[in-house]
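Inspection log for the structure reproduced underneath, given as structure tokens.
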Amino acid sequence: MSNRPILITGATGQLGMALVAQAKVPYCAVGRPAFDFDKPETIAACFADANPWLVVNAAAWTAVDAAEQNQDAAFRANRDGPEILAGLCREAGIPLIHVSTDYVFDGDKGSPYVETDPVAPLGVYGASKEAGERVVLQSGAQAMVLRTAWVFSARGKNFARTMINASRKTNALRVVGDQRGTPTAAEDLAAAILAIATRIDGQGWQPEFQGIFHATNAGDTTWHGFAETIFDIAAAQGETHPTVTAITTADWPTPVKRPADSRLDGGKLARRFGIRLPDWREATQRVITAMLAGDRAR
Ligand SMILES: NC(=O)c1ccc[n+]([C@@H]2O[C@H](COP(=O)([O-])OP(=O)(O)OC[C@H]3O[C@@H](n4cnc5c(N)ncnc54)[C@H](OP(=O)(O)O)[C@@H]3O)[C@@H](O)[C@H]2O)c1
């Protein structure tokens with residue numbers, strides 16, 4: 240095992256926190272203001288300070304609707320910054336694991352997306368992430384892009400947190416029931432990334448590691464199904480269970496259209512790495528239990 244660290248960017252985000260919580264190897268976790276894609280000079284400075292053997296880029300502009308009004312900042316964080324990071328990795332001859340999104344797709348395929356399916360982002364966020372994938376993969380660095388979806392965790396801003404907070408304020412909620420995808424626990428994605436890191440460390444970088452991999456929890460649901468599951472779990476732990484009415488996307492207009500069906504096929508990750516993330520329901524049970532325990536401890 241290398242005694243140089245893994246450089247983890249986006250340390251304050253859901254995935255960054257989960258990586259830090261689980262890392263059993265030396266790491267250097269960086270976040271703003273020390274590491275800021277809006278200040279490109281901070282990227283090289285953090286890289287030089289850490290002297291990593293691997294970089295995991297968990298930093299990103301993730302506000303889907305706000306990206307529409309902040310196109311430049313979204314592209315700085317999701318394309319330009321990762322391009323600089325990839326260039327540093329190439330020069331140092333070390334690998335980069337970069338995280339991307341199901342929102343690179345338009346959601347019209349009607350079955351789970353594989354890595355070779357054509358991308359067609361519906362908004363600025365998806366377009367900026369798609370551009371980030373391209374620059375990272377074309378950088379000449381040893382680069383792996385992991386696309387994930389619907390990330391949630393016990394800490395941080397996410398749909399599950401929003402649902403629990405809402406259930407404490409109201410007993411009737413309306414949630415979109417015609418968008419299909421896979422909730423993915425940040426801790427399960429972090430475990431997968433750390434397992435990949437262990438493999439790279441053990442075997443060295445292999446050509447078949449290069450490219451895009453889909454990494455979500457197993458199974459799928461809708462936002463409405465996810466909400467019902469969250470409330471079933473929370474109610475068993477003393478929270479009130481609001482009534483949840485399924486509505487259509489048309490009933491809940493947002494600045495950016497979301498893909499109607501962004502299920503990702505995880506077969507390639509399973510074949511190349513033997514990694515299968517657990518079912519999203521099991522993950523939800525774990526995350527909601529931790530979230531409520533955290534709330535009680537506060
Ligand atoms: N969240 C989802 O539902 C979702 C779905 C699909 C894919 N993904 C992808 O998964 C990855 C991890 O997402 P997440 O859910 O952990 O995101 P998150 O909780 O929103 O965290 C994002 C992290 O990026 C940092 N960041 C934002 N703008 C930055 C900038 N200009 N310079 C440097 N750091 C910046 C944030 O720092 P501050 O704390 O200072 O803001 C934070 O640490 C991202 O690549 C995201 O695109 C997420």
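So the sequence shown is residues 240 to 537, counted in my numbering. The beta-carbon is built from N, C-alpha and C at its ideal position, and this holds for glycine as well.
Check for me: the alpha helix (DSSP H) holding residue 253 runs from which residue to which? By 1-based counting over the sequence shown, the position of residue 253 is 14. Residue 253: member of the alpha helix (DSSP H) spanning 253–261, first to last residue.
Could you check whether the Cβ of residue 397 sits closer than 8 Å to any heavy atom belonging to ligand 1? Position 158 of the sequence shown holds residue 397. Ligand 1 has a heavy atom closer than 8 Å to the beta-carbon of residue 397.
Buried or exposed for residue 477, please, with buried defined as at least 16 other CB atoms from any protein chain shown within 10 angstroms of its CB. Along the sequence shown, read from residue 1 onward, the residue named residue 477 stands at position 238. Exposed.
Helix, strand or coil at residue 461 [DSSP, three-state]: If you number the sequence shown from 1, residue 461 lands on position 222. Residue state, collapsed to three classes: strand.
For the alpha helix (DSSP H) that contains residue 286, what are its first and last residues? Counted from its first residue, the sequence shown places residue 286 at position 47. For residue 286, the uninterrupted alpha helix (DSSP H) run begins and ends at 280–289, by DSSP.
Alpha carbon to alpha carbon, how far is residue 270 from residue 507? If you number the sequence shown from 1, residue 270 lands on position 31. If you number the sequence shown from 1, residue 507 lands on position 268. Approximately 31 Å between the Cα atoms of the pair.
Cβ pair residue 367, residue 328 closer than 9 Å: In the sequence shown, the residue the question calls residue 367 occupies position 128. In the sequence shown, the residue the question calls residue 328 occupies position 89. It is not a contact, given that the beta carbons lie outside the stated cut-off.
The beta strand (DSSP E) that contains residue 335, what's its start and end? The residue you call residue 335 lines up with position 96 of the sequence shown. Looking at the DSSP string, the run of the beta strand (DSSP E) that includes residue 335 is 334–340.
Measuring straight from C-alpha to C-alpha, what distance separates residue 471 and residue 528? Counting from one through the sequence shown, the residue named residue 471 turns up at place 232. Counting from one through the sequence shown, the residue named residue 528 turns up at place 289. Answer to the nearest angstrom: the Cα atoms are 11 Å apart.
DSSP three-state call for residue 417: helix, strand or coil? Mapped onto the sequence shown, residue 417 falls at position 178. Coil, per DSSP.
Residue interval of the beta strand (DSSP E) (run including residue 245): Sequence index remark: in the sequence shown, residue 245 carries index 6 (1-based). 245–248 is the span of the beta strand (DSSP E), which, as asked, contains residue 245.
Which two residues bound the contiguous alpha helix (DSSP H) that contains residue 535? Residue mapping note: residue 535 aligns to position 296 of the sequence shown, counting from 1. Looking at the DSSP string, the run of the alpha helix (DSSP H) that includes residue 535 is 519–536.
For residue 506, which three-state DSSP category applies? As a working mapping, residue 506 is identified with position 267 in the sequence shown. Looking at residue 506 - three-state DSSP - the assignment turns out to be helix.
So what does residue 296 bridge to, in DSSP terms? Your numbering for residue 296 matches position 57 in the sequence shown. 248, 337.
Expressed to the nearest angstrom, what Euclidean distance is found between the alpha-carbon atoms of residue 519 and residue 347? For this step, residue 519 is matched to residue 280 along the sequence shown. For this step, residue 347 is matched to residue 108 along the sequence shown. Rounded to whole angstroms, residue 519 to residue 347 spans 22 Å at the Cα level.
Are at least three pairs of beta-carbons, each pair with one atom in the segment 417–433 and one in the segment 486–506, less than 8 Å apart? A contact is defined here as three or more CB-CB pairs under 8 Å, and the segment 417–433 meets this definition with respect to the segment 486–506.
Drop a sphere of 10 angstroms on the beta-carbon of residue 316, count the other beta-carbons inside from all chains shown, and report buried for 16 or more, exposed for fewer. Numbered from its first residue, the sequence shown carries residue 316 at position 77. By the 10 Å Cβ count, residue 316 comes out buried.
Pull up the CB-CB distance for residue 426 and residue 257, whole angstroms please, since I reckon it's below 8 Å. Counting from one through the sequence shown, the residue named residue 426 turns up at place 187. Counting from one through the sequence shown, the residue named residue 257 turns up at place 18. Cβ-Cβ separation between residue 426 and residue 257: approximately 5 Å, consistent with a contact (criterion under 8 Å).
Skipping 5 residues on each side, what residues in its chain have a beta carbon closer than 6 Å to that of residue 267? Within the sequence shown, numbered from 1, the residue matching residue 267 stands at position 28. Within the same chain, residue 267 has close Cβ partners 244, 246, 289.
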